[in-house]
Amino acid sequence: MLAILGVLLALAGLFYSGYRTKVSETVAQEDLRQAYNSAMAFFIDFPQRALTRVDLEKYGFRSSARIETRVVDGRLDHLLLVSYYTLPGSKIFMIEGLRGDFTGGKEPSGPIIGPGGSGGGGSFSDPLIQPMNEMGWGRCNDKAKTELKEAFNAAQKYFAKDPGGSITKDILPDYGYLPSEEVNLLVINGKKPSLEISAIFSVPGASNFMIDSSGFIREG
-2 MLAILGVLLA
8 LAGLFYSGYR
18 TKVSETVAQE
28 DLRQAYNSAM
38 AFFIDFPQRA
48 LTRVDLEKYG
58 FRSSARIETR
68 VVDGRLDHLL
78 LVSYYTLPGS
88 KIFMIEGLRG
98 DFTGGKEPSG
108 PIIGPGGSGG
118 GGSFSDPLIQ
128 PMNEMGWGRC
138 NDKAKTELKE
148 AFNAAQKYFA
158 KDPGGSITKD
168 ILPDYGYLPS
178 EEVNLLVING
188 KKPSLEISAI
198 FSVPGASNFM
208 IDSSGFIREG
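In this text, residue positions in the sequence shown follow this note's numbering: the first is -2, and each later residue adds one.
Right, dumping it as structure tokens:
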């Protein structure tokens, strides 16, 4: 009897774990859909600007508990959003590009919720939500590598002024580096001869990249 009870408890645990993961992934997809709607509202008012997570919140987006939503690319014609539940092994979902047409308008007088900005109108189809694919991973990694190049260029400006100094992440913005809220950047060695900076996009499974004093980028 004890053996049978143990098997039943184990099966119940597996069932509950799978059920919880399924529900959480459904919530992640719904969050992604809501983020897309907020993005569309933003672009109606600001078609020439790049979307950020702060903009999503200004336009009504609110993240669910333990769900992370990232803006991989916030440009209107290159939009890529991802969302996932913060439990190891959970699927990551993505929305790429726009589905519909709109006309941009004026600056809004305040935040709005849902499609249709204060300065124009639009017609949107439901977004195509799909599991993260090779293209999505590639664009996340490209974002990290772009961040590395920008940090490296800022570091070179600093070294031109102070060749013997040591660069830090806090100093980089003073020399033109604009930190991204979606990329984790770390200055491992701030000296010019042995400069080493790493960056990784803030999504589980993304690759870590490093740049050295010569400007060479490698994965690892």
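Positions of the beta carbon are idealized from the N, C-alpha and C atoms, including for glycine. Just so we're clear, the structure is a prediction, and the values are computed from it rather than from any experiment.
Based on the DSSP secondary-structure assignment, which residues constitute the bridge partners of residue i?
i, result
"residue 90", "80, 128"
"residue 198", "180"
"residue 37", "Partner(s): none; residue 37 has no beta bridge."
"residue 64", "82"
"residue 215", "207"
"residue 188", "163"
Verify whether the separation of the beta carbon atoms of residue i and residue j is less than 8 Å.
i, j, result
"residue 129", "residue 89", "yes"
"residue 52", "residue 39", "yes"
"residue 166", "residue 184", "yes"
"residue 187", "residue 214", "no"
"residue 58", "residue 26", "no"
"residue 48", "residue 71", "yes"
"residue 177", "residue 216", "no"
"residue 69", "residue 140", "yes"
"residue 62", "residue 137", "no"
"residue 50", "residue 200", "no"
Report back the beta-carbon spacing between residue i and residue j to the nearest angstrom; my notes put them in contact at under 8 Å.
i, j, result
"residue 195", "residue 207", "5 Å"
"residue 81", "residue 93", "Incorrect: roughly 15 Å between the Cβ atoms, too far for contact."
"residue 171", "residue 193", "With 8 Å as the limit, residue 171 and residue 193 do not qualify as a contact, their Cβ atoms being about 20 Å apart."
"residue 148", "residue 182", "6 Å"
"residue 73", "residue 91", "At roughly 17 Å, the Cβ-Cβ gap does not stay under 8 Å, so residue 73 and residue 91 are not in contact."
"residue 154", "residue 173", "6 Å"
Let me confirm a value: residue i is counted as buried when at least 16 other C-beta atoms fall within 10 Å, else exposed. Which label applies?
i, result
"residue 160", "exposed"
"residue 35", "buried"
"residue 76", "buried"
"residue 20", "exposed"
"residue 169", "buried"
"residue 124", "buried"
The ligand NAP heavy atoms versus the CB of residue i: any closer than 7 Å?
i, result
"residue 21", "This structure does not include the ligand NAP; it has no bound ligands of any sort."
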